[in-house]
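Notes follow once the structure below has been shown.
In this note's numbering, the protein residues as written are -16 to 380.
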């Protein structure tokens, strides 16, 4: 460790003001920050709020992402093996899944870091640790068959358009990872939707990834005929509630396992990184819309919207809702700051998710648009909550 410290000390003058590598100082600072805590002295009286600085904050988020990430690697490999008739054991599935997922992760970090370094060098500010989370989140929202060049395009759009044009980390109004995914969904819908993008088959002896047909539960729902129960279609396809909760199903890399996501959510709440009000608000919003619809469907003899025929709890484990409400909606930059605003924000995300799923069969997943839509309205919600509180204060005489 002392040798590494000496290496940084001897090379630092080249990157400081007047050095020949002055323009690359943000890159040097980012690498040094990863190895050591920032050695910034306090010039005036210290005002320490708590020990949760930005570096520790982002580290906790990455730790919370590890359970769904590693399960996503396993599940991608397992689904590929099951589709191709190969060995679906744990070790072989992990190795096969790593072959599928890790290239996406490497491209996401490499391309995203390039844009971070470029903007930091031009503006003369430090590289934010926030990209460590964005670079991991983004590939977890993608299908395992996503072409690597589209991963590069998507992360570029998310970092540049979703964050840097607003001024960088802390100033963006939209979640960068979700912005990049939304861009890919509308720019390249063939590779982001349908039945052939959720399961990759790594062909033996070839460096190629082929897709096979494997419909997700949300894609099966619109296929139900009038008056036919969606729950029965799920049952025939082998999609039980337990299987959806564990996550052994086709889907995006990090979205399938609600169990693993709940482990990450518990860690975020216990450490104080994420606000539980947004998560619980999302659950309340889902049930508040889905449960009345479920009762209406039962009383109408099956004539209501087909997605209302499933029990409301299914909406909590299907698709990307759990992943979105835990890791995307709780983004402290794009989410509201007031506690009451967070309840409203989460409830509206959950409600909009169900409404999009139920009333728009052409777009089965609604959590992505729901979160981005509420990102835009988050400052407005805070504004009205603060205004209402100020109006209750006793005026100065």
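C-beta atoms are modelled at their ideal positions from N, C-alpha and C, and glycine is treated no differently.
| task | Take residue 336 and list the residues in its own chain whose beta-carbon comes closer than 7 Å to its own, dropping the five residues that flank it on each side. | result | Translated into the one-based positions of the chain shown, residue 336 becomes position 353. 269, 304, 349, 350 and 353, listed in sequence order.
- Query: Given that a residue counts as buried once 16 or more other Cβ atoms are within 10 Å of its Cβ, and exposed if not, what is residue 152?
  - Reply: Within the chain shown, the letter at position 169 stands for residue 152. Buried, by the Cβ-count rule.
* To do: Please check if any C-beta of chain D sits within less than 8 Å of the C-beta of residue 293.
  => In the structure shown, chain D cannot be found, because there is only a single protein chain.
- Task: Have a look at 235, 144 and -10 and flag the residue whose alpha-carbon is nearest the alpha-carbon of residue 179.
- Result: By 1-based counting over the chain shown, the position of residue 179 is 196. For the residues 235, 144 and -10, the minimum Cα distance to residue 179 belongs to 235.
If I follow the unbroken alpha helix (DSSP H) through residue 370, where does it start and stop? Counted from its first residue, the chain shown places residue 370 at position 387. Where residue 370 is concerned, the enclosing alpha helix (DSSP H) stretches over 350 to 374.
Q.
Please report the distance separating the alpha-carbon of residue 171 from that of residue 102.
A. In the chain shown, counting from the first residue as 1, residue 171 sits at position 188. In the chain shown, counting from the first residue as 1, residue 102 sits at position 119. Cα to Cα, residue 171 sits roughly 27 Å from residue 102.
| query | Mind checking residue 62: buried by the 16 CB within 10 Å criterion, or exposed? | reply | Your numbering for residue 62 matches position 79 in the chain shown. Residue 62 is buried by the Cβ-count criterion.
Roughly how many angstroms lie between the CA atoms of residue 355 and residue 230, to the nearest whole one? As a position in the chain shown, residue 355 is number 372, starting the count at 1. As a position in the chain shown, residue 230 is number 247, starting the count at 1. Rounded to whole angstroms, residue 355 to residue 230 spans 25 Å at the Cα level.
- Query: Run through DSSP, which three-state label would residue 188 get?
  - Reply: On the chain shown, residue 188 is found 205 positions in, with the first residue counted as 1. Any reading at residue 188 must be qualified, since the residue scores a pLDDT of 46, below 50, and its modelled position is unreliable; no value is offered.
Query raised in the report: Under the three-state reduction of DSSP, which class applies to residue 137: helix, strand or coil?
Result: Position 154 of the chain shown, counted from the start, is the residue given in the question as residue 137. Helix at residue 137.
Would you report the Cα separation of residue 283 and residue 43, rounded to the nearest angstrom?
In the chain shown, counting from the first residue as 1, residue 283 sits at position 300. In the chain shown, counting from the first residue as 1, residue 43 sits at position 60. Taking the straight line joining both Cα atoms gives about 48 Å.
Below 7 Å CB to CB, which residues in the same chain sit around residue 258 once its five sequence neighbours on both sides are set aside? As a position in the chain shown, residue 258 is number 275, starting the count at 1. Counting only Cβ-Cβ distances below 7 Å, and skipping sequence neighbours, we find 313 and 325.
Inter-residue spacing [alpha-carbon to alpha-carbon] between residue 91 and residue 228 | Mapped onto the chain shown, residue 91 falls at position 108. Mapped onto the chain shown, residue 228 falls at position 245. Taking the straight line from one Cα to the other gives about 28 Å.
With H, G and I counted as helix, E and B as strand and the rest as coil, what does DSSP make of residue 47?
Walking along the chain shown from the start, residue 47 turns up at place 64. Helix.
**Prompt:** Can you tell me the Cα-Cα spacing of residue 296 and residue 242, whole angstroms?
**Reply:** Residue 296 sits at position 313 when you count from the first residue of the chain shown. Residue 242 sits at position 259 when you count from the first residue of the chain shown. Rounded to the nearest angstrom, the two C-alpha atoms are 14 Å apart.
Taking the straight line between their C-alpha atoms, what separation do you get for residue 141 and residue 261?
Indexing the chain shown from 1 puts residue 141 at position 158. Indexing the chain shown from 1 puts residue 261 at position 278. Answer to the nearest angstrom: the Cα atoms are 23 Å apart.
| field | Sufficient close CB pairs (3 or more, under 8 Å) joining the segment 75 to 89 to the segment 49 to 62 | value | yes
| Where residue 126 and residue 267 are concerned, what is the direct C-alpha to C-alpha distance, given to the nearest angstrom? | As a first step, residue 126 is located in the chain shown; it is residue number 143 there, counting from the start. As a first step, residue 267 is located in the chain shown; it is residue number 284 there, counting from the start. Roughly 28 Å between the two C-alpha positions.
Secondary structure of residue 280, DSSP reduced to three states: Looking up residue 280 in the chain shown gives position 297. Looking at residue 280 - three-state DSSP - the assignment turns out to be helix.
message: Once DSSP output is grouped into helix, strand and coil, what is the label at residue 127?
response: Translated into the one-based positions of the chain shown, residue 127 becomes position 144. If DSSP states are grouped into helix, strand and coil, residue 127 belongs with coil.
Q) What is the DSSP secondary structure of residue 147, reduced to helix, strand or coil? A) The residue labelled residue 147 in the question sits at position 164 within the chain shown. Reduced to three states, the DSSP call for residue 147 is helix.
| By DSSP, does residue 157 sit in helix, in strand, or in coil? | Within the chain shown, the letter at position 174 stands for residue 157. Note: residue 157 maps to coil in three-state DSSP.
Suppose you measure from the CA of residue 362 to the CA of residue 139; what does that come to, to the nearest Å?
Here residue 362 is taken as the residue at index 379 of the chain shown, counted from 1. Here residue 139 is taken as the residue at index 156 of the chain shown, counted from 1. So the alpha carbons of these two residues sit roughly 25 Å apart.
Practice task
Kindly indicate which residue of 48, -11 and 3 has the alpha-carbon position closest to the one of residue 251.
Solution key: If you number the chain shown from 1, residue 251 lands on position 268. Looking at the Cα atoms, 48 is the closest of the given residues.
Cα separation between residue 97 and residue 110? As a position in the chain shown, residue 97 is number 114, starting the count at 1. As a position in the chain shown, residue 110 is number 127, starting the count at 1. Rounded to whole angstroms, residue 97 to residue 110 spans 11 Å at the Cα level.
Excluding sequence positions up to five away, which residues of its chain have a Cβ less than 7 Å from the Cβ of residue 95?
-> The residue given as residue 95 occupies position 112 in the chain shown. The residues are 114, 117, 118, 138 and 142.
- Task: Report the three-state DSSP secondary structure of residue 274 (helix, strand or coil).
- Result: Reading the chain shown from its first residue, position 291 is the one you call residue 274. Correct three-state label for residue 274: helix.
| With distances taken from CA atoms, which of 83, 128 and 159 is nearest residue 99? | Against the chain shown, residue 99 aligns to sequence position 116. When each option's Cα is compared against that of residue 99, the closest is 159.
- What's the call for residue 189, buried or exposed, on a 16-neighbour Cβ count within 10 Å? As a position in the chain shown, residue 189 is number 206, starting the count at 1. Any reading at residue 189 is ruled out, since the residue's pLDDT is 45, under 50, leaving its predicted position unreliable.
- Taking all protein chains shown into account, do 16 or more other C-beta atoms lie within 10 angstroms of the C-beta of residue -1, making it buried, or fewer, making it exposed? If you number the chain shown from 1, residue -1 lands on position 16. Exposed, by the Cβ-count rule.
- request: Could you say which of 319, 322, 263 and 289 lies nearest to residue 299 if we only look at CA atoms?
  value: Counting from one through the chain shown, the residue named residue 299 turns up at place 316. If we check each option's Cα against that of residue 299, 263 comes out closest.
Apply the 10 Å Cβ neighbour rule to residue 240 and answer buried if 16 or more other Cβ atoms are within range, or exposed otherwise. Within the chain shown, the letter at position 257 stands for residue 240. Buried, because 16 or more other Cβ atoms sit within 10 Å of the Cβ of residue 240.
- request: Compare the Cα-Cα distances from residue 306 to each of 265, 279 and 371 and report the closest residue.
  value: As a first step, residue 306 is located in the chain shown; it is residue number 323 there, counting from the start. Closest by alpha carbon: 265.
Determine whether the beta carbon atoms of residue 177 and residue 162 lie at a separation below 8 Å. Reading the chain shown from its first residue, position 194 is the one you call residue 177. Reading the chain shown from its first residue, position 179 is the one you call residue 162. Taking 8 Å as the Cβ cut-off, residue 177 and residue 162 do not qualify as a contacting pair.
- Item | Continuous alpha helix (DSSP H) assignments of at least 4 residues falling wholly in the segment 211 to 243 | 213 to 219 and 224 to 229
Under 8 Å between the Cβ atoms of residue 40 and residue 272?
-> Taking the chain shown and counting its residues from 1, the one referred to as residue 40 is at position 57. Taking the chain shown and counting its residues from 1, the one referred to as residue 272 is at position 289. It is not a contact, given that the beta carbons lie outside the stated cut-off.
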